[in-house]
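Below, the structure is given as structure tokens:
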């Protein structure tokens, strides 16, 4: 899988309207994390969080302020839980700013994937296409799938909203997630995706990762409105990396 340069990746991490905001609002790490994409598990102590956040589910386990993130195994991604499958189907539908049923989105998906591709192959092709074709540059606007497809520029929010629409148009349930990710000794505010492949699998089109590396700390899952819950904890969260496992 192609690696993005640190400079290019940082351009894709959400900017909130000022040149230095990403650095000012980021959280310093107590230790250096080398090659985060090679980690299978990480354990982090988190203070200053809100009850509105979503830390405990899927690959994340949160107990007594200790968050453990375990990288998903795609080879064991099937489940027989019908309730989970029924819930996942909901995330095939279009939503405000996620026009997955629009002819332009459907046409783009047909150019990226083949009808004979497996769902995993479809997801990998879509993530890679977004990674290669969307310029990583901050955009001061509410992310809109059609606008991103047209302009082909944006930060992590634009990458995430376009990815979720393309995945849904390809018949793969998908959602957006937001939280923090490690880069250059600090944790930055960031957005990425999850898609359903028997269970929820993380994906990051800014870094071209499936699954996303374990330094992706999910704090919220849902549409752009859910990300408003992050505003109450910015500047309050403290992190301490306790363990790294390869």
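In the numbering used here, the protein residues as written are 130 to 375.
Just so you know, even glycine gets a beta-carbon here, dropped at the ideal spot from N, CA and C.
Predicted model only: the values in this text are computed from it and were never measured.
Quick one, which of 351, 348, 349 and 328 has its alpha-carbon nearest residue 340's?
-> 328
Any idea if residue 361 is buried or exposed, counting beta-carbon neighbours within 10 angstroms, 16 or more meaning buried?
-> It is exposed - the Cβ of residue 361 has fewer than 16 other Cβ atoms within 10 Å.
Residue from 226, 301, 232 and 364 with nearest C-alpha to residue 277 | Considering only alpha carbons, the answer is 226.
Keeping to the same chain, check which residues put their C-beta closer than 7 Å to that of residue 249; ignore five residues upstream and five downstream.
-> 203 and 326
Quick one: using the 10 Å Cβ neighbour count with 16 as the cut-off for buried, is residue 131 buried or exposed?
-> Residue placement at residue 131 is poorly supported in this model, since its pLDDT is 49, which falls under 50; the coordinates still yield a value, given next. Label assigned to residue 131: exposed.
Alpha carbon to alpha carbon, how far is residue 335 from residue 304? Give it in angstroms, no decimals.
-> 16 Å
Between the region 365 to 373 and the region 158 to 176, do at least 3 Cβ pairs fall closer than 8 Å?
-> yes
Distance, Cα to Cα, residue 160 vs residue 247?
-> 39 Å
Outcome for residue 176 when other beta-carbon atoms lying within 10 angstroms are tallied against a minimum of 16 | Exposed is the call here.
Looking only at DSSP bridge pairs, what is residue 307 linked to?
-> 320 and 349
Return yes when the C-beta of residue 307 is under 7 Å from any heavy atom of the ligand FAD, and no when it is not.
-> You won't find the ligand FAD in this model; it holds no ligand whatsoever.
Does the region 237 to 245 touch the region 281 to 289, meaning 3 or more C-beta pairs lie closer than 8 Å?
-> no
Which stretch, first to last residue, makes up the beta strand (DSSP E) that contains residue 332?
-> Residues 329 to 332.
For residue 222, write down the residues that DSSP places opposite it in a beta bridge.
-> Answer is none; residue 222 lacks a bridge partner.
Report the three-state DSSP secondary structure of residue 313 (helix, strand or coil).
-> coil
Please check the pair residue 275 and residue 233, which I expect to be a contact at CB under 8 Å, by giving their CB distance rounded to whole angstroms.
-> 6 Å
Exposure of residue 185, with buried meaning 16 or more beta-carbon neighbours within 10 Å = Label assigned to residue 185: exposed.
For residue 155, which option in 358, 217, 221 and 314 has the closest C-alpha, if you only look at C-alpha atoms?
-> Proximity to residue 155 across 358, 217, 221 and 314 peaks at 314, based on C-alpha coordinates.
Using 10 angstroms around the beta-carbon of residue 293, count the other beta-carbons present and answer buried if the total reaches 16, otherwise exposed.
-> buried
Taking Cβ positions, are residue 310 and residue 345 nearer each other than 8 Å?
-> In contact: residue 310 and residue 345 (Cβ atoms closer than 8 Å).
Which same chain residues, not among the five before or five after residue 301, have their C-beta less than 7 Å away from its C-beta?
-> 248, 251, 252, 324 and 325
Note down the Cα distance separating residue 180 from residue 198, rounded to an integer number of angstroms.
-> 19 Å
Please name the residue, chosen from 264, 355 and 297, that lies closest to residue 219 on a Cα-to-Cα basis.
-> 297
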